[in-house]
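What follows is a set of notes on a single structure, which appears directly below.
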Amino acid sequence: MQTICAISTPHGAGGIAVVRVSGDAAIRIADTLFQGKQRLMDIPNNISTHGYIVRDGVTLDEVMVTVFRAPHSFTGEDTVEIACHGSLYVQQELVQWLINAGCRMAKGGEFTQRAFINGKMDLSQAEAVADLIAAETRAEKDLALSQLRGGISNEIADIRERLLKLSSLLELGLDFADHEELEFADRSELLALADRLEQHLTRLTNSFETGNAIKNGIRVAIVGKANAGKSTLLNALVGEDRAIVSDIAGTTRDTIEERIVVDGQLLLLTDTAGLRETNDQIERLGIERSHKAIEKAQIIIEVIDATNGVPCIEGDNVVHVFNKIDLMECKMQDPNPDLSPHRARGRVVYMSAKNGEVSELIEILREMIKTHHHEGAIVSNARHYEALCRAKKAIIAVKAGLEETLSGEFISMDLKDCLDALGEITGQITSQEVLNNIFSKFCIGK
Ligand SMILES: Nc1nc2c(ncn2[C@@H]2O[C@H](COP(=O)(O)OP(=O)(O)OP(=O)(O)O)[C@@H](O)[C@H]2O)c(=O)[nH]1
Ligand SMILES: [Mg+2]
């Protein structure tokens with residue numbers, strides 16, 4: 076395959092930049108530009124060497140170069156990484172010199188695509204590389220790293236192995252079709268196997284909700300009556316004056332979204348228009364959006380003016396915030412005796428958003444996020460989820476076939492569908508179109 080090169084560090088000036096070269100001729104081409112104590116072809120693997128990039132007697136830069144020989148490199152090919160000074164001019168010139176010496180500019184994701192082609196990683200791991208690069212929170216990073224280390228791949232391999240076992244047992248069963256007792260014993264054993272596979276697939280598809288929340292954030296809606304202090308609370312949580320606050324009821328019209336990170340997990344906060352009867356058309360549209368935000372939210376913070384309000388929203392995912400506690404006289408005892416019955420139900424915080432007292436609420440949010448914990452691999456990729464759903468549908472068909480004592484050939488077809496769907500996740504079965512689609516989303520240089 077042709078030798079490719081690209082700048083692997085972000086575009087712009089920096090302390091250093093890394094230019095990566097990969098392919099059969101990587102070391103030879105880099106050697107034509109490198110001047111050091113030794114030639115690159117003579118230096119050992121994985122050790123940085125000092126030298127200069129020189130062409131026709133002109134020195135471009137002083138560099139550190141590392142050589143990785145196939146198959147012990149990221150791509151599985153001979154690879155040279157040149158760390159140069161992070162000047163835009165130096166980086167671009169270095170790439171140009173490499174191209175003039177015989178390299179081709181790499182396409183987005185081409186290094187990772189080669190790693191996939193060379194069997195260094197499967198497709199779900201290649202996707203994890205992109206996720207890892209894009210990770211902005213600890214939870215996202217942890218998820219991508221575990222996928223990169225084979226979290227999903229291992230489970231898929233395990234399921235595939237059991238499917239193959241099921242398939243061979245089924246074929247055996249076919250041979251015994253004349254002996255009814257054997258046939259019967261086989262079928263119930265097969266059914267039990269299929270059942271366990273379905274449960275495993277269900278666990279994986281169920282984990283997508285968590286995976287999605289980690290990747291795209293957990294939606295938290297801040298709702299309540301007009302003037303309760305919702306926008307004040309949003310500002311306090313975000314730590315800046317994001318939403319307009321005023322003592323005029325109906326201040327917030329449109330929903331406002333902000334992102335915060337709690338315990339390494341991204342939360343998407345939505346401040347909404349206060350819920351009340353109104354003749355104002357625009358405000359009414361805003362209130363419609365508030366209802367939509369409530370529907371979409373995984374966590375709802377209902378803000379209540381502690382001096383006169385009562386909770387209106389119930390649910391496991393609701394936190395009741397009794398706000399403006401600073402206006403109450405005996406705040407530490409019972410701020411509002413009318414509210415006592417509600418205290419027992421659900422999660423309650425008494426606070427003053429205006430005074431920025433949000434730590435107790437953050438603590439509650441942290442607890443609520445924790446309940447999203449999962450055993451085993453967590454699916455966060457929509458492509459994987461879709462394939463797992465198809466695999467699950469196929470295994471349900473296998474079970475139905477076994478129960479209805481359909482002939483083995485029919486059941487085998489469903490089994491094959493299930494195997495194929497799983498093969499798409501790891502890339503054993505994929506079209507060029509799917510591959511192009513996945514790798515085109517990568518940045519150049521990875
Ligand atoms: N004393 C006191 N006043 C508060 C507190 N929180 C909010 N306020 C005041 O209550 C009024 C309404 O606050 P907002 O944050 O705009 O209320 P809102 O719920 O967003 O109101 P709408 O957008 O109109 O639905 C403002 O004058 C705030 O300064 C608090 O904890 N204590
Ligand atoms: Mg508001």
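Numbering (this note's numbering), first residue to last: 76 to 521. All C-beta atoms, glycine included, are put in the ideal place defined by N, C-alpha and C. Computed from a predicted model, the values in this text were never measured in an experiment.
May I ask you to report which of helix, strand or coil DSSP gives residue i?
i, result
"Glu499", "helix"
"Val170", "helix"
"Pro196", "Reading the sequence as shown, one finds Met at residue 196 and not Pro. Correct three-state label for Met196: coil."
"Met116", "helix"
"Arg179", "strand"
"Lys429", "coil"
"Gly451", "coil"
"Thr187", "helix"
"Ile335", "strand"
"Asn287", "helix"
"Met397", "Residue identity differs from the one stated: residue 397 is Phe in this sequence, not Met. Three-state result, Phe397: strand."
"Pro416", "Residue confidence for Pro416 is low, a pLDDT of 45 falling below 50, so the modelled location carries little weight; the figure read from the coordinates is stated next. Pro416: helix per DSSP, three-state reduction."
"Gly111", "strand"
Does residue i pass the burial test, meaning 16 or more other C-beta atoms within 10 Å, or should it be called exposed?
i, result
"Asp261", "buried"
"Glu137", "exposed"
"Arg441", "exposed"
"Phe397", "buried"
"Leu163", "exposed"
"Pro386", "buried"
"Ser148", "buried"
"Phe485", "exposed"
"His125", "exposed"
"Lys491", "exposed"
"Ile357", "exposed"
"Thr134", "exposed"
"Asn302", "buried"
"Ile323", "exposed"
"His86", "exposed"
"Thr382", "exposed"
"Asp489", "buried"
"Asn310", "buried"
"Gln113", "exposed"
"Gln188", "buried"
"Ser243", "exposed"
Could you give the residue range of the beta strand (DSSP E) that holds residue i?
i, result
"Cys159", "Thr154 to Gly161"
"Thr141", "Val133 to Phe143"
"Gly476", "Per DSSP, Gly476 belongs to no beta strand (DSSP E); it is in the alpha helix (DSSP H), Ala457 to Glu478."
"Thr330", "First-last for Thr330: undefined, no H or E at that position."
"Arg130", "Ser123 to Arg130"
"Ser321", "It is not in any beta strand (DSSP E) - Ser321 carries neither H nor E in the DSSP assignment."
"Gly299", "Ile293 to Gly299"
"Ser97", "Gly89 to Ser97"
"Ile79", "Ile79 to Ile82"
"Leu342", "Gln340 to Asp346"
For residue i, which residues of its own chain have a beta-carbon under 7 angstroms away from its beta-carbon, when the five flanking residues on both sides are left out?
i, result
"Leu312", "Ile335, Leu344 and Val433"
"His275", "Ile234"
"Glu202", "Asn456 and Ile513"
Quick one: what's got a C-beta closer than 8 angstroms to residue i's C-beta in the same chain, skipping five residues either side?
i, result
"Ile174", "Cys80 and Met180"
"Lys240", "Leu268"
"Leu115", "Ile102, Ala105, Asp106, Phe109, Thr124, Val140, Val142 and Val155"
"Asp99", "Met76, Thr78, Glu152 and Asp153"
"Asn229", "Ala452"
"Lys516", "Gly183, Gly184 and Ala205"
Would you kindly report the start and end of the unbroken alpha helix (DSSP H) that includes residue i?
i, result
"Arg213", "Arg213 to Leu223"
"Arg103", "Ala101 to Leu108"
"Leu308", "Lys305 to Val313"
"Ile437", "Ser434 to Lys445"
"Ser515", "Gln507 to Ser515"
I'd like to know whether the C-beta of residue i is nearer than 8 angstroms to at least one C-beta of chain B.
i, result
"Leu220", "The structure shown contains no chain B; it is built from a single protein chain."
Report all residues from its chain with a CB closer than 6 angstroms to the CB of residue i; omit the five preceding and five following residues, and keep chain order.
i, result
"Ala419", "With a pLDDT of 40 at Ala419, under the threshold of 50, the modelled position of this residue cannot be trusted; read the value that follows with caution. Contacts found: none."
Problem set entry | Continuous beta strand (DSSP E) assignments of at least 3 residues falling wholly in the region 350 to 394 | 374 to 380
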